[in-house]
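Numbering (my numbering), first residue to last: 344 to 739.
Structure record follows, encoded as structure tokens.
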DNA sequence: CATCCACAGGAAGGACGGGGGT
DNA sequence: ACCCCCGTCCTTCCTGTGGATG
């Protein structure tokens, strides 16, 4: 028995691909950020008052996913803090992970070493505690709110307004906000007071092109992967796939890392384009599984309805999906939700990238959504059948 | 050129369970 | 022990709308 385990362990242990796999993980902040020199310079300039222990302007940072917004922000703050540790503190909150005002405030308080209950308090109470804490600390605090658009779309800009007013309530200027968003149009939807206050300074991150992605990948690969285990074709393919997807560096790094993991798992000593292709499928599959696992039952059922419907048509409307959904609900004997709810569910499925639901006007034939899958059908099918047996029974 | 389709999507609220404060 | 606040799903009722059609 132990032979088997030894075998497995040794085959895992003697990975021939990665020198330092962690350098390819999404939250790793590298020492150099190629093709972001301008953004770094601008950000340091804006934040330079910190050197004199003064409050910098609030900053709004835009750019699509994987354009280096988070990395640059963390990089700059980390390095400034290293040089001037007593001048300020900074807090980073990802508002997609902590996507309610309550969680955001709780995260900030926890970063400032204040214990808060998981739930139970009002957000007003948390805000009061935050102000008190800031008053006690009495130094500049830079608060980074990453992926702020997701939170505001769900919960409104009320919390942002409160943040921008916090300096008044404190009676001194301690808080400096950095808002990061993927959605360029997002800022127009903000309350004008919040908008003007939050975007005292603005910074734009353009997408990387394929060449720049290659540079980034090469540079990381140099330290993360053995030279013999990789070649330029692999890097070029990862870069090209990611460039097709609006120049997303995170996606490019993910592809490379997962391709390497696949190579090691299969006992190979180098990454080839085959592994990159497998990595692409695997990444997509993992994402679908994860999204589905958190989906409420009726969302899965709506997805099942879409799958069924697309068998006979190339695109569906909300009404068509709802009809099929009603049949399926009836078949497995569960209460159905209203069409209004299904409309929202379709938007949610769109938001997480499993389907595309585009609003179209068809004149005389009304306004509806055109619904299509955004992920390959068999991946969704497998994921959905495994996630719930009642839904699985619809196919047996 | 008005009409009218097939919904979109906002507003208000309610049931419910998890987790406080006091 | 009791009340309060929260987020999550969901309902009901509603007003809004781009453009093919008559």
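All C-beta atoms in this analysis are idealised placements derived from N, C-alpha and C, irrespective of residue type, glycine included.
Keep in mind that this is a model prediction, so the values were computed, not measured.
- By the C-beta criterion, the region 582 to 593 is judged to be in contact with the region 548 to 559, since at least 3 inter-stretch pairs fall below 8 angstroms.
- The alpha helix (DSSP H) runs lying completely inside the region 708 to 732 and spanning 4 residues or more are 720 to 730, given in chain order.
- Scanning its chain for C-beta atoms nearer than 7 angstroms, with the 5 sequence neighbours on each side dropped, one finds around residue 379 the residues 411, 415, in chain order.
- Per DSSP, residue 470 is one residue of the alpha helix (DSSP H) stretching across 466 to 480.
- Under DSSP, residue 489 shares a beta bridge with 437.
- In the pairwise beta carbon analysis, the region 484 to 495 is classified as touching the region 510 to 528: at least three pairs are separated by under 8 angstroms.
- Burial of residue 441 is indicated by the presence of at least 16 other C-beta atoms within 10 angstroms of its C-beta.
- The DSSP-derived three-state label of residue 662 is helix.
- Between residue 637 and residue 713, the CB-CB gap reaches or exceeds 7 angstroms.
- Counting along the chain, no alpha helix (DSSP H) covers residue 411, and no H or E run does either.
- Here residue 734 is near residue 727, since their CB atoms are less than 7 angstroms apart.
- Taking a 10 Å sphere around the C-beta of residue 564, we find 16 or more other C-beta atoms and assign the residue as buried.
- When the beta-carbon positions are compared, residue 572 and residue 582 stay at least 7 angstroms from each other.
- Judged by beta-carbon spacing, residue 430 lies within the 7 angstroms limit of residue 393, meaning their Cβ atoms are closer than that value.
- Residue range 501 to 513 is occupied by the alpha helix (DSSP H) that includes residue 507.
- Of the residues assessed, residue 483 falls on the buried side of the cut-off, its CB having 16 or more other CB atoms within 10 angstroms.
- Within 10 angstroms of the beta-carbon of residue 478 lie fewer than 16 other beta-carbons, which makes it exposed.
- Rounded to the nearest whole angstrom, the C-alpha separation of residue 667 and residue 691 is 18 angstroms.
- The Cβ-Cβ distance between residue 606 and residue 622 does not fall below 7 angstroms.
- Annotation for residue 621: the continuous alpha helix (DSSP H) segment containing it runs 616 to 636.
- Between the region 393 to 409 and the region 632 to 649 there are fewer than three inter-stretch CB-CB distances shorter than 8 angstroms, so the stretches are not counted as touching.
- In the three-state DSSP reduction, residue 521 falls in the strand class (E or B).
- For residue 453, the enclosing alpha helix (DSSP H) stretches over residues 444 to 454.
- The alpha-carbon of residue 438 is positioned some 30 angstroms away from that of residue 649.
- According to the DSSP assignment, residue 381 belongs to the alpha helix (DSSP H) that extends over 380 to 390.
- Between residue 544 and residue 389, the C-beta spacing is below 7 angstroms.
- The C-beta of residue 493 has 16 or more other C-beta atoms within 10 Å across all chains shown, which makes the residue buried.
- Contact between residue 682 and residue 708 does not hold, since their C-beta atoms are separated by about 17 angstroms, which reaches or exceeds 8 angstroms.
- When C-alpha distances from residue 505 are compared across 471, 738, 481, 530, the shortest belongs to 471.
- A direct Cα-Cα distance of roughly 43 angstroms separates residue 593 from residue 674.
- By a beta-carbon distance limit of 8 angstroms, residue 401 does not contact residue 546. Their separation comes to about 11 angstroms.
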